[in-house]
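Sequences listed follow chains D and A, in order.
Heads up: take any position in the first sequence, counting from 1, add 3, and you land on the working numbering.
Heads up: take any position in the second sequence, counting from 1, add 20, and you land on the working numbering.
What follows is a set of notes on a single structure, which appears directly below.
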Amino acid sequence: GIQVEQSPPDLILQEGANSTLRCNFSDSVNNLQWFHQNPWGQLINLFYIPSGTKQNGRLSATTVATERYSLLYISSSQTTDSGVYFCAVEPPGNQFYFGTGTSLTVIP
Amino acid sequence: GAVVSQHPSRVICKSGTSVKIECRSLDFQATTMFWYRQFPKKSLMLMATSNEGSKATYEQGVEKDKFLINHASLTLSTLTVTSAHPEDSSFYICSASAGETEAFFGQGTRLTVV
Chain D
4 GIQVEQSPPD LILQEGANST LRCNFSDSVN NLQWFHQNPW GQLINLFYIP
54 SGTKQNGRLS ATTVATERYS LLYISSSQTT DSGVYFCAVE PPGNQFYFGT
104 GTSLTVIP
Chain A
21 GAVVSQHPSR VICKSGTSVK IECRSLDFQA TTMFWYRQFP KKSLMLMATS
71 NEGSKATYEQ GVEKDKFLIN HASLTLSTLT VTSAHPEDSS FYICSASAGE
121 TEAFFGQGTR LTVV
């Protein structure tokens, strides 16, 4: 099956710093989404981005489907950005698979 | 975005009993629903994919008789953990999509088997 690797696995940032999270996948995909999982386990949908670039406030994401990766940018990080970030991909066949996750800690 | 409601959010059951978790798409017709399981500090693992009106497709290693999935309508899928044991304790999340489009996720269910 498809492999979805995220890097880095853990990241500690000072408040106000910028960061880039990466998602690599081993096969072609039809869809890709980025999520933030809060401390209660709930998945917050950040971006639906099968290709191209999108921005939403301090967050932006870019997917280069032909090169099989996606990037999530967090600018001016805040303590509320802490949590685990997942990418999930949908290869042909209509099934979503989650990446390994990046655990982000933003310290004041 | 669309809303997917998962119920209950938390359940404690005795070993040997069965537990049913519901996943509803509130404002769209979900032709496909997915069920995931998450262990502490781990990623979400796809358990099965269900299409309305047909049998679920289970991922390798997932026991079909242990985790019964029913997708009886375009707005409801259920996951029943049968004869639950402590090792079944986990966080379960459903998601729903209307075909090859964005998927929307439920709030998750934390199951504890004692």
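Built from N, CA and C at the ideal position, the CB exists for glycine as well.
Fill in: Under 7 Å from the C-beta of Thr103 of chain D: neighbouring residues of chain A
Under the 7 Å cutoff, chain A gives Ser63.
Worksheet entry | Nearest candidate by alpha-carbon position, reference Ser117 of chain A, set A:Glu79, A:Thr132, A:Gly126 and A:Phe111 | For Ser117 of chain A, the nearest C-alpha among the options comes from A:Gly126.
Worksheet entry | N- and C-terminal bounds of the beta strand (DSSP E) containing Ala91 of chain D | DSSP places Ala91 of chain D inside the beta strand (DSSP E), whose first and last residues are Gly86 to Glu93.
Fill in: Delimiting residues of the beta strand (DSSP E) encompassing Glu8 of chain D
Unbroken beta strand (DSSP E) run through Glu8 of chain D: Val7 to Ser10.
Item to complete: Quick one: measure Cβ to Cβ for Pro42 of chain D and Ser106 of chain D, integer angstroms, because I've assumed they're closer than 8 Å.
Response: A Cβ-Cβ separation of about 12 Å leaves Pro42 of chain D out of contact with Ser106 of chain D under the 8 Å criterion.
Worksheet item: Is the stretch 72-88 of chain D touching the stretch 86-94 of chain A, taking contact as three or more C-beta pairs under 8 Å?
Response: Taking 8 Å as the limit for Cβ pairs, the verdict is that the stretch 86-94 of chain A does not touch the stretch 72-88 of chain D.
Worksheet item: Which partner residues of Phe87 of chain A appear in the DSSP bridge assignment?
Response: Its beta-bridge partners are A:Val101.
Worksheet item: Of all the CB atoms in chain C, is at least one closer than 7 Å to the CB of Gln127 of chain A?
Response: This model lacks chain C altogether; the protein chains it does include are D and A.
Worksheet item: Using the rule of at least 16 other Cβ atoms within 10 Å of the residue's Cβ for burial, across every protein chain shown, is Gly36 of chain A buried or exposed?
Response: When all chains shown are included, Gly36 of chain A counts as exposed.
Worksheet item: Using the beta-carbon count (16 or more within 10 Å), is Thr108 of chain D buried or exposed?
Response: By the beta-carbon neighbour count (other beta carbons within 10 angstroms, threshold 16), Thr108 of chain D is exposed.
Item to complete: Check whether the stretch 51-64 of chain D touches the stretch 39-47 of chain A, taking contact to mean three or more Cβ pairs, one atom from each stretch, closer than 8 Å.
Response: Fewer than three Cβ pairs drawn from the stretch 51-64 of chain D and the stretch 39-47 of chain A lie within less than 8 Å of each other, which leaves the two stretches out of contact.
Worksheet entry | Neighbourhood of Ser115 of chain A by C-beta, 6 Å cutoff - its chain only, sequence neighbours within 5 removed | For Ser115 of chain A, where only same-chain residues beyond five positions count, the Cβ hits under 6 Å are Phe54, Ala123 and Phe125.
Fill in: Runs of beta strand (DSSP E) wholly within the stretch 56-82 of chain D (minimum 3 residues, chain order)
Within the stretch 56-82 of chain D, the complete beta strand (DSSP E) runs of at least 3 residues are 62-67 and 72-77.
Item to complete: Specify the secondary structure class of Asp30 of chain D as computed by DSSP and reduced to three states.
Response: Correct three-state label for Asp30 of chain D: coil.
Worksheet item: So what's Asp108 of chain A in DSSP terms, helix, strand or just coil?
Response: Residue state, collapsed to three classes: helix.
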